[in-house]
Each structure stands twice: as structure tokens, then as C-alpha cells.
Amino acid sequence: MKNKILYVIMAAAVVQLTSCAKDKFISPVPTNAISDLTAFDSKERVEGQVRAIYASIKNAGMYGGRYQIFNDIRGEEFNNERTNVVTGFDVWNYTPSNSSTNSVLNHWSRAYYVINLANVFIDGMAVKGTSVVGAALSNNYLGEARLLRALSYYSLLQLYARPFWDGNGSKPGVPLRLKGNTGSDDYALARATVAEVYNQILTDLTFAEQNLPLTNANATLNTTRAHRNTAIALKTRVLMSMRRYADVITEANKIVSASAPFVASTGVAHALQSDYRTMFTSNYTTTESILSMPFATNETPGGQNQLGYYYGPSAFNGGNGEYSLLPNSIIADAGWLPTDRRRSFVQVFSGKSYLTKYSVASTFIDWAPVIRYAEVLLNLAEARVRSTNTVDAQAIALLNAVRGRSDATTIFTPLNFANADALANAIVNERRIEFLGEGLRGTDITRLGLPLPAKPGVSAIAATAQQYIWPISSTELLLNPLCVDNN
Amino acid sequence: MRMRKLLALVASVVLLMTQLQAQTSRTFTGKVTDAKGAPLAGVTVSAGSDRRTVTDNAGNFTIQVGSNVRSLRFTYVGYNILDASISDKNSITVSMTEEDKSLSEVVVVGYGTQKKKEITGSIASVKGEALANKPTQSFDQALGGRAAGVQVNIPNGVLNAPPVIRIRGTNSISLSSYPLIVLDGVPMFTGDFSGVGGAAGNILASINPNDIESVDVAKDAAATAIYGSRAANGVLFITTKKGKAGRSKVTLDSWIGFSQVQRLPTLLDAFQYTDYKNEALRNAGTFNATTNAFALTNGPDGQPINTRWYDYVYRTGVQHSNTVSISGANESTNYYFSAGYTNQEGILKRNDYQRLSLTMNVDHKVGKAINIGGKIQYSSEKNLAAVSTGSLGDAFATAGLGRVVMVTAPNISPYNNDGSYNVNGALIGVMGNRVGQVGFNNPVVQLDLNRNNNYIEHIISNVYAQVKPFSWLTARTNYGIDYVLTENDSYFHPISGEGFASNGSVTATYSKNKRWVWTTTLQFDKTFGEKHNVSALAGIEHQKSDGNSFGLNRITVNDPAFTNIQGGWATPNTAGLGIGENYLYSEFGRVQYNFDRKYYLTANLRRDGASQLGANSKYGTFWGVSAGWEVMNEKFWTSAKLDRIFSSFKVRASYGKVGNIGGLGNFASLSQFGSGLYGGNGTVAYSQAGNPNLTWETSKKTDVGINFGILKDRMTFEIGYYNSNNDGLLLFVPQPPSAGLPSTIPQNIGSMYNRGLEFAVNFAAVQKKDFSWNTSFNLSTNDNKVNSLAPGINSIIGSTGGLENPNITVPGQPISMIFVTRTKGVDPATGRRIFINAQGREVFFQHVAPAGQARFMYADGTTAPTVSNADAVVYKNTHAKIFGGWENTFRFKGFELTALLTYQFGNWIYFGSQAGLRDQRFWNNEVAILNRWQKAGDVTEIPKAVFGDNVSNGSSFPLDINVFRGDFVKLRTLTVGYNLPKSLLEKIKITSARFYINGNNLLILTKYPGPDPEVSSNGNGTTNFGVDRNTVANQRTLTVGLNIGF
């Protein structure tokens, strides 16, 4: 009998030994993610990856909000109400340190995450993706990836590198990475020069111009996904930063007709909207919005990143009123008439003026503008003045087009401008009004070499000073021995 | 399928064994006494294999004895087994002698037990009594100071926050350094199962501390190797109570307690605050009496408002606990049942803990060779809070109560004069102050209206069958489950605070964590040739865990009456989605041999396969060997007359290789693409960089020690040395952010060691009839050093709350050093903070620079580069070099007094809260700030007050001025008890009754300026340890209680 028991026990042990559980459970497959081995296996996955690059640059830490906010609050228009470094207090008073998490560290890593997503995608298309989607679609997608890479590099140069004019691009830019990184490696890489990075940006945008579709399927996609004119429009912005005004004119002329009404004659028919307010309140996808970052109730910007949360006071849209408009900012400009429609976005709450362009209450899902057609017109206007050094007639016409649609009573004539500088200044001033809260002022200040302005409790920073640009991410300095800080 | 086979097996074995034989018999009577002649009740008397009875209260018994039976066997727990010959007698009186406890004490060793005397590994044991009836939520909170080499740190004063437990130091950098917890043979889930910020949910709290018989802590490789890949951090074996032979026993344990916060910093009052902040505005050049100034506001009584925010957030928490148990055993069956309920209020308002617990276990012997039994343990727990507490992981939350009380201006009130809440949007209103903001959220609104709750239903159960066909062979199979079902329930009212921006917010998430563990073992025990004692174990184990969670977040409420997700809200968004699984397959074995109980050898081996690991490296083999030598039994020892000094003397040593995978993600080895949305369309984003070669961390442990006793073992010593070399430490190797990788790639690359000495002494100093004094003292040292990180990786930065980086881990230093920028006081001439930059130069800082000057300047007036975290230096060690405890127990007649002191020395703490307490924004400050520089010649530690300055005092980046020694000696528990005398008890027919008063944390001796040097803002984090950032301090608790036995 004892033997029998022993046999039973041994049988039980054998049962466990040979249990099928072992092989079934030892290599589980995740059910909510896709393996890297099959990421380029279908058209859906390939296009999903293109959208992922957009989604990443749309991160509210980047073009979904914070990048615009950082550039706004580096200017003279806004007052910091919350002394909170999480919401840009240090950016506002020009004191971000290498380790400032929410500005210096995060923007650096997010921008490079976008760049690497684009690089991984470009590499993967060459290996497999192109054969899955076909050459034509592949080129479209590659154009989008390279355009987003360019946009990301451009944002890095604006914050972490000296402006192009300083040494004609010879100063340190940022590490220039064009290959996808997927594993452990030695990633030490020195900063390329400012010019080298700008040149790569232009190369990418030119590739995009040549390979993107003329138009996308519908108005929404024409605003949320790049097409040929998107690349051209961005090129005018990049070339302005490089002060290559002649090239700005060349590029802008591709999508701006020679005379009013100024419209794009090929590709998406970009034009100014008759009512400025439309683009921010009722229709995010007009032909003026060349590229915007879409948000929805199930695609929200996330906490402490949203344009409406920063600029709107609680009494307006339940925002946090992080920044009010300073009394002596552009709102004090007497030439900006009370009847100007753009003034309707400046409202007073508890004695302070606030920008109310972004009005959607929580979860603050106003679309974030990246580039509008009005900027192309003003880029062209300013470039014409600066390249010819004259009171250029077409420049005045372009300026009038932008001013006139919001303020029919003000019509500029050559008599208004003593010289070319006066006209250029008027155009720059128009940009302050037109793009208030859209993230252009910071880059305008630095490309023009103006000092960062003094604000209450904050001294001005000369264009030559260390604090004129951000320091490099301390994490980058720690882990990339070839990367040097700004000094 | 598997279960069916198991049942068939059990059934067939049962059938085989249930055959009884009949024979002729006679009646036999007798009496059993103890050595002093007092009757013993409940003694089991057996005649042969099938007849048994128990003695009654007078010690008498009657039993039928078969004709072939020559002797009776008497067994009683705590007494030596007695075999008495009965030959032709019909009655007998026997006296039983008490066991020498030191010989019979057993400790749990993993898949079995072993006599303490024969242990060759390093195992510390803590009795259940030491952990029961304490004002804690979980037993581990009471473990500190009780065992050498075991350090327990209560991280904060939030109820049920999991303690930081370290056995012989921190053994991992990126993975968990938390020990494996094995409950009655089944590895259980560990960690914080609360999914809400406000309430902590240590899952070990599911075990009612009063149900615990013992906790055995396995420390070295010999003791832990049987758990192979999970053994590197040590193993805690928890054994719950079982019924004991004798009369059925009923116990009632009740206590009620009162707890309070302690040692809070003293803050400015409304008058000091208003004056001080205005001075700071003037110094910044921005004071304007009408548009930019602080001002007092009169309250409803016409007097200026002067709010002490502590009073609105902290309270005296009332706590009580009641446990009833019924247990008993006879020769064939033992059972234990207990029911407990505890309701504990924390020191923070609305922070409560409630637990209803039920435990039942039964073991039954079927026939001669089979045992079956099992256990069901159920607990229903509530971890309640109103808001995030500003403690674990969210030290900077604007809702955090630990922070809000210190930050909010004292010259405003939570209420407007009309009684309504003082709110302005999401924030508290400024009242009469003429500035934009003087606080974050109104804590009273949050405490009144919000909730942040976690509910846990926890079921732990197991069933086993054991067959012992021969005296030398035991086969056992055990199937256990551990199911944790949790629900998180957060609600934020739209009026203000956390729910304002979203116009109300409610989130409910549900998560299931289910584990089954099936273990089958064969145990072999035999003695050959009288002196060769051999035992061997072989086993197989499967452990499968599945997790699944989902939930809803809804915002924008239709009507404030709706406060749950089922109500009327605008937005349904997902929340808390998660799914995953892992599996561990193991084969293991152990061989123990001793020669004549003099020379002991043990070898353990385990082979583990873990699903989380890389495709190329799923299996690993671990082992440990140990040897012991009982020197007392050697002739040379006695001839040297050493036996006259020592009453026992044993030498032991062990070495082994064990592993660690604690905390590794289910799919950490895979490269994968996640999904999301862009413009309403699906995205596929490269989201995780994997490593197919990902494998275990390896820990090679050496342990040597001696155990000896003197004075007939009244005084025993344990002295040990350990050296643990950890290799292949998994590092989430940080790459330059510009590489753009979506995640850090886990690699087995780092190395680190822990070395130290352990010393423990127990002394029964006085043992008189009416008076006794027992004292036990333990001391441990720990020397931790990181040898290497990854090539090219010189450091790992530790972050607090994602906003501050005060820690760094570098080769050549202990893990998690404090990393701060140096300062050199305050310039007496100008009141500027003096920093020392990376070049070692003094840099003078002023927040607002007058025209012609810079904010950062050298002494010579030239502009200096901005000083920041980039100028930080590796500063101080955060780990205690020496720690331990000292317990004294005095008994005088019915009275007893027990005092446990715990201590630690040699560590430093980054007291980040102080940076906030001296911040020059609207934040309130501690009174020390009044000693600020005011005029040329002032010599002070506090710089000139300049409004907006968040740099000089350490808010912007961490500074050395906020680093302090963490040395302390604590009176952790002090208990005074009284046992009612037996004479009285007999009259009222109860077995035992004890009343006691207990104080926890009554006294802290420390120079640390914060509330409590026993603190960890980042909980169990390894590379961000030693930080106190807005942490709610540990509570001081006074309890009164009673224990009654029937």
C-alpha cells in the first residue's frame, strides 16, 4: 500500500512538471501595444506613426501650448501673476536654470523625442514602410516627418541657441541628429553650429515642399496635417529668423498673390478671413490657419499647459489667469483703436487686462495656432522693407490687408512712414497686435536683436547677455559629454 | 484541468488511508500534573494509534486501552512528550516537564521549518506579541528596531503609507529594494495599492497584526536562496496563528488611541507676515500701497484675521481596534478563527483607515498519514482622504495638505466674513491683500467637499494536502490565491481647488490583481547510523499574476448635486487603464545534513523562469550554501574549560548567489509602439525601447557569525558580518535626452555592495518570582557603496515630485547622495546670498539687480555666470551608518513595563520643506526668517528679503543650507500593563485579563529641525531617498487597551 501512495505522489509531481502552463505563460504578449517588429506592417500602422509625430509635437509642452507661451512671456506684453515656476515664472523673468524642469529640461527632451520619432519613421520607411504603402504615399509621409523634424529643430534654436545674426550662424546650435535611435548606444554628440541646424531645417522643408500633397482631403486635414504650402509658409518664418529677406520674398511669393486680396493661388487657397475672431471662436479650420494643433474633449492639452488656462482669468473661462496683460504693453498703443476687432480679445477683470483669445473653459481645448497666413503676409512685408530698405508699397499693402480686416478705419500710406525703419517697426508692431498670445514675440525679439524687455521687478537683458537665451538641459550636459553649455 | 487532477489525487489517497482496525480494550484512568504538581488541563493522552483523549480541568482523564498497548503517550504544547509504561496498572499519575524552549523553537525557512538551534543561515525572529495591539495599520510599522539588520522607516504621517523596509541595506538602484513577503508559505502582493494621491494603501495592512504568530526575517543567501530570483532583498516569512492543543480559547483584544501631530515649524502670524512681505516688496522695488501690497483684513469680529492654518488641517485622531479570536486543537484537528474591526483617524482631517478582517484556518489529520487543511483570509479596507496630502510623490501639489498649511498667508481666513468660502477661482481669495495670490487651494474647501478614497477587498486563501506515507517522506501540495480588488474614488467639487478648472471632476477606477501560486514539495528526513541526520527537499512552483484596471473620469458637472460618475456630467473620459500579467516557474531543492548535531551543512538551489525577462534570458539558477559548527559539543572545548564560561557556542558561515526582479514591469524587455489620438485619428507611437537580454540582478552574499550564550544562556549574543555584492544591477540607463529615446532602456550593468556588522544581545537580567527584567539590544551597521553604473553614465539623478533634483547616485559613494549647490552664508555688507559655483568661486546673488549690476556677481563686481543645479556637488550620505533598537521589559507581580528605543546615526536629510519655509514669494515663512539681513553690518544666515526671490533659500535649486543630520533616538513604544491576578480571574471565570497604556513616538531626541527625522518623501524610492519635502510628520499616539482570554 505504501508503494501505491508513493506512486500516486510521484505521478502528481510529474503532472506538475509537464504542466502546459509553463510554456503558455512564460512569454506573454502585451495586448495593448504593438511590437516593434510589426510596426510598419500595414498602411494603418504607417499612417498611425505619421500621426504620432504630430501628436508628439502637439504635446502641450510643445506646440500644443507651452512653446507659444514661452515665446509670449519672454516679451513685454505679459505680467506673471502666480510666481509659479511650473507655469513659467522663471522663463518670464529670464532666470531659467539648466535644471528648470518645466522649461529647459522638458522642452529639450520633448523636441528631441519628436525628432527621433521622425528619424525612426524615416529609417523604417526605407527598410519596410515604403514597400507597404507605395512610393507616392511614402513620399507624402516622409515629407510630413521631415517638416515636423524641422519644426522641432526650429523651436530648439529659438530657445537654446544664439540668434543667427550673432556670428552669422557660427555660434553653437544644438546636436543635429538625423538617424533613428532605438537601442543602447554611445550618443555623445557635439552641438552643430546654428547655421548647420538652420540649413538642415531648410533642407527638410524643401524636401517637404517637393513631396507633400498640394492639398489634403478636407479643411480639417488642411489645418492639422501638412501640405505643400505649409512647408513654404514655415520656410518664410525660418528665413526671417536667418534674416535672409530675399529668400523670404522668393518663398512667400509662391503662395502670396502680387496684389490684394492676397491669396495663395496654388495648393490650399490660403487667404485672410474677413473676421479675425472666426479663427479663435467658431472655425479652427479656415484657409488662414495653415497649421494648428487640434484638441478635443478626449484629446486634451493636459494640466498647466493650456493656452486658455494661462491667459484666461477664472472669471472669464475658469482659467488660472497665470498671466495678465501689462498696462504699458501693446494694449497701450494708441494706434490700436478700440474699434479694432482684435481688441475684443482684451478684456478687463478685477482691474487687470487679460487676453481672452482662448475662451474654451476646462479642459481648455482651444486649438493651438502654429502658423497663420497673416504671418506669411507680414513676413513678406517686412522682408521687402528690410531687403530694399525702402518704404515699399507692397509692404504697405500687405500691412493694410492685415490691419484693414480688423480695423477698416486705419489705412496706412507711405506718408505715415518717415523711412524704411519706421515702416519695418510698424510691421513688427502689427505682429505684436495680430499674434498676441500666439507665440511669435519672443522669436521676433531675438531675430531682431532687441533686448529682452524690462518688466515689473525684472531688468532688461541685453542681446549680448548670457541670459538672452536659455541654458542647455543639465541632463544633456550630464549624459552627453560633447555637449557644452551656453555661456 | 489542473485542479481536477489534484482532487482525484487527494480523494484516492484519502480512500487508501481510512481503514480502521478493531481490538479488545480496558478502561484506564489517570491524572497529569506539571513538575510542581499542579494539574494540567488539555493534555492529549494517546493509547496506540487510534485512541486518544484530553485531560479535564483537574488534569484527570479516562481512556480505553487496547490489550496490546504497553504505554501511554502524553503530549502538551510547551512540554516534553512523555511516554509512560502502563503494563498491568489501571491508573497512573504522571508529571510532565516543560520543554527547554531554546531547543524546540522553530523558525520558518521557506517550504518548511527548522529548529532554531540548527539554523546555519542568518534569520531574525520577531514574535507576534511585539507587533500586536499597536496603534498601527500594518504589522510592518511596528517592526522597526526589533531585529538586527532590518531597518524600517515610517515615511510620513499619512495613515497606511508603506514603510520603507531595508534588510541589510539598499540592494538595488532601479528595481525594488523591498523584501519578498511570504505569508503562510505563499508569496503575497506587496506595495501601495491605493490609486489615489491622498490615501495610502499598504497591502500588508490586510493582515490583522493580532493574527500574526511570528515574523521571521531571512537575511543571508543561505536563508533566502530557496526563493532564488526574489531573494536579494531578504524574505519576511509571516506565520499566522493556529489553534493550539488544549482547551478551546477565546480572546478579545481591544484598544482605543489618540494621535497628534508633533514638532511642526513655527510660522509667521498675520502681523509678522504682512510686515515682512511688504518689506520684501519694498526691497524688490515693486511695493505700491494701492496696487501691490500685503494688508491685514478684519474678520467678522472686527479684529484683524490671524489664521493658524495648522488648526484647520490637523486634528487629534481617535482610533480603535477590536479583535475576537476562537481557537483550539485536539490531536487531529486544529482551528483558528478571528474577526477584527479597526477604525483609525489620522492626524490629517479626513484621513481615515478602516479594516474589517476575517481569518479562518483549519488543519486536519485524516488517518495516520494525511493532513489536509487550508485558510481563508478576507479583509475589507478603506483608505480615506479628502485631498492629496503633499507627501508621497507629490511633494509640490498645490492641494497637498502638508504643504498648504505652511504656504498659505496667515492674514486671510478660509471663510469670508459672510461665512461663505474664501475662494477666487481655483485658489483661495486674497481678501485685503493687494496682490494677485497669497495661497494655493483653500484647504477647508477641499476638506469639506472633496474626497480621494481607496477601497480594497483582499482575499488570501490556500488549501493543501500532505501525505506522509513513511516516517521519512512527506509530500505536500499547496494551492494559494491572493486577490486584491481595489476601487479608487476621487471627487473634486467645482467651487474651487482641484475641481475648479474642470468645473468639477469625478474619477472612479477599478482594478483587479489576481495571483495563484501552486507549490508541490517532497520532503525527506532520515537519520543514518545514529549520527548522520539528513533532510532533503525538492519542489516545483508556479506563480501567475494578472492585473486589469479601468475607469472613468468625468468633468463639467451638470448640477453640483452629482458627486459620482453615475451622475450628470459632460465628459466621459477613460481613466486608469491597465492590463498585464506575469508568471514565475520554479524548481527548487534543499539538502540539510548534520553530523551528531555538531557539524551542520545546508545547500539550497532554485531555478526560476520569469516572464518579465528578455526572450534570451528568462531562466536563471540561484543557490546558497552554509555551514554551522556547534563548538560546545567538541572535546577540546570542554577540556579548555570554555564550557564553564559559555553555555552555548556556535559558528556559522554562508555564501550564495540570489537574484532580484522586484518592481520590474511586466513587459519591460520588449520594444513596442503604443497608441493614442491625433485629431481624432489613431496613432502608433514608438513608446518603449526594450532589451531582449534583460535579466535578473544578482546578489552574491557572504555571511559569517557566531552565536553564543553565557550564564546558562540567560545572556545570548549574536554577532555577524555580511557582505553583499550586487552585480548586473538593472539600470534604466539614461541616454542623453537629445537621443530622443521614448524610454530609458533597462540594462543589467551596475554594481554595488552592502557590508556591515550585526550585533544582538538578549539578557534575562533578573528573574525572580515577583520581579523580572529582560533587556535586548541590537545594533547594525551598513556600508553601502555603488561600484559602477553604466559605461559613460557617471551619475543618476534622483527627483522629488518631478520638480526638484536633490539626490545623485555616483560610483564610489553610497546610493542616493544629497546633491546640492554650496553656499557660504550671507554677505554682511549687502545681504546677498553667497553661492560657491562649480569653479569654487564665490558668487553673490541678488534677486533684483540695480542698474549697472548683475543678479550674479563675483566679489569684484564683475558679472558671474548664473549659478544653478549645474554647480551642485555630491554632498552627504542619506543612509544611516548605524541603527537598531533597545527594548527593556520589567515585570513586577501583575505589572509590566516595556520600552522600546530605536535609533539611527550617520545619515543626512535634505529638508526641502525649509526652502519653502524661507521662500520669498507670497508663501508664509517660518519665524527664523525674521532674523534676515536688514542693514550693512548685519551678520545673519538669512539673506535680505526681496520679494519673488526663490533662489537664495533653495526653492529654485537645492542648497546645502537645507541639509541636516538625521540622527535620532526615539522612544518608539512605551507600554505599561497590568495583568489581573489568577485568583480574581478564577472568580470571574476568565483565563487572562490584561490592561495597558501604550505610547507610540512619545519622545524624539534629535537635532533635526524638521518634524521627524524618520521620513521619506519619496517612500520606497532608492535613488531619491533621504528627502523631507512638505511631508506630513509621523504621529504621536497614546492608546489604552485590554486583552481578555476566556
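Here the protein sequences line up with chains A and B, keeping their order. Residue numbers for the first sequence follow the numbering used here, so the first one is 5 and each next one is one higher. Residue numbers for the second sequence follow the numbering used here, so the first one is 135 and each next one is one higher. Ideal placement from N, C-alpha and C gives every residue a C-beta, glycine not left out. Note that the structure is a prediction, hence the values are computed from the model and not measured.
query                                                                                                                        : result
Other residues of its chain near GLN155 (chain B): CB distance less than 7 Å, five sequence neighbours each side excluded    : Residue placement at GLN155 (chain B) is flagged as unreliable, the pLDDT there being 41, under the threshold of 50; the coordinate-derived value follows with that caveat. The answer is none, since no qualifying residue turns up.
Alpha helix (DSSP H) segment containing ARG232 (chain A), residue limits                                                     : 232–245
Neighbourhood of SER188 (chain A) by C-beta, 8 Å cutoff - its chain only, sequence neighbours within 5 removed               : none
Cutoff 9 Å: LYS258 (chain A) Cβ touching any chain B Cβ                                                                      : no
Residue-level contact to chain A via CB, PRO962 (chain B), 9 Å cutoff                                                        : no
Selected residue, minimal CA-CA separation from ASP396 (chain A), among A:ASP425, A:TRP371, A:ASP370, A:SER410               : A:ASP425
Partners in chain A for GLY808 (chain B), counting only beta-carbon separations shorter than 7 Å                             : ALA37
Rounded distance between the beta-carbons of GLY884 (chain B) and LEU863 (chain B), thought under 8 Å                        : 4 Å
Residues of the region 568–582 of chain B with Cβ closer than 8 Å to any Cβ of chain A, in chain order                       : GLY570, GLN571
Extent of the continuous beta strand (DSSP E) to which GLY441 (chain A) belongs                                              : Note, GLY441 (chain A): premise wrong, no beta strand (DSSP E); not H, not E.
GLY1175 (chain B) in three-state terms, based on DSSP                                                                        : strand
Proximal chain B residues relative to ILE119 (chain A), where beta-carbon distance stays under 9 Å                           : SER872, GLY874
Close-in-space but distant-in-sequence residues of the same chain around ALA458 (chain A) (CB under 6 Å, 5 per side omitted) : ALA464
Below-9 Å beta-carbon distance, GLY461 (chain A) vs any chain B residue                                                      : yes
For VAL131 (chain A), the nearest candidate out of A:PRO485, A:ASP27, A:THR42, A:ASN144 (CA to CA)                           : A:THR42
VAL1166 (chain B) - DSSP class collapsed to helix/strand/coil                                                                : coil
Closest by C-alpha distance to LEU454 (chain A), when choosing among A:THR304, A:ARG153, A:ILE253, A:PRO167                  : A:PRO167
Given PHE208 (chain B) as reference, the closest of B:ARG185, B:ASP1094, B:SER201 once Cα atoms are compared                 : B:ARG185
Buried/exposed call for GLU263 (chain B), threshold 16 Cβ in 10 Å                                                            : exposed
Short CB-CB distance (under 9 Å) between VAL3 (chain A) and chain B                                                          : Residue 3 (chain A) is absent from the model: chain A starts at 5 and stops at 491.
Contact with chain B by GLY92 (chain A), beta-carbon distance below 9 Å                                                      : no
The region 946–965 of chain B touching the region 991–1009 of chain B, judged by at least three CB pairs closer than 8 Å     : yes
CB contact below 9 Å: GLN676 (chain B) versus chain A                                                                        : One detail in the question is off: residue 676 (chain B) reads as His in this sequence, not Gln. Answer yes: the Cβ-Cβ gap between HIS676 (chain B) and chain A drops below 9 Å somewhere.
Residue burial classification, GLU232 (chain B) (beta-carbon count within 10 angstroms, cutoff 16)                           : exposed
Test: TYR280 (chain A) CB closer than 9 Å to a CB of chain B                                                                 : no
Chain-ordered chain A contacts of GLY936 (chain B) [CB-CB under 7 Å]                                                         : THR105
Stretch-stretch touch, CB-based, cutoff 8 Å, three pairs: the region 1017–1036 of chain B with the region 274–288 of chain B : yes
Any alpha helix (DSSP H) of 4 or more consecutive residues that is wholly inside the region 188–270 of chain B               : 235–238
Beta-carbon gap between ALA774 (chain B) and PHE722 (chain B) smaller than 9 Å                                               : no
The region 1020–1028 of chain B touching the region 1060–1076 of chain B, judged by at least three CB pairs closer than 8 Å  : no
Outcome for LEU381 (chain A) when other beta-carbon atoms lying within 10 angstroms are tallied against a minimum of 16      : buried
Of the residues B:GLY164, B:GLY843, B:GLY391, the one placed nearest VAL765 (chain B), counting alpha carbons only           : B:GLY843
Proximal residues of chain A, C-beta to C-beta of PRO999 (chain B) below 8 Å                                                 : GLN470, ASN491
Candidates B:SER906, B:ASP1101, B:GLY1175, of which the one nearest ASP1146 (chain B) by Cα                                  : B:ASP1101
Whole-Å CB distance - ASN1003 (chain B) paired with ASN939 (chain B), under 8 Å assumed                                      : 6 Å
Partner residues on chain A for ARG1055 (chain B), Cβ-Cβ distance less than 8 Å                                              : THR87
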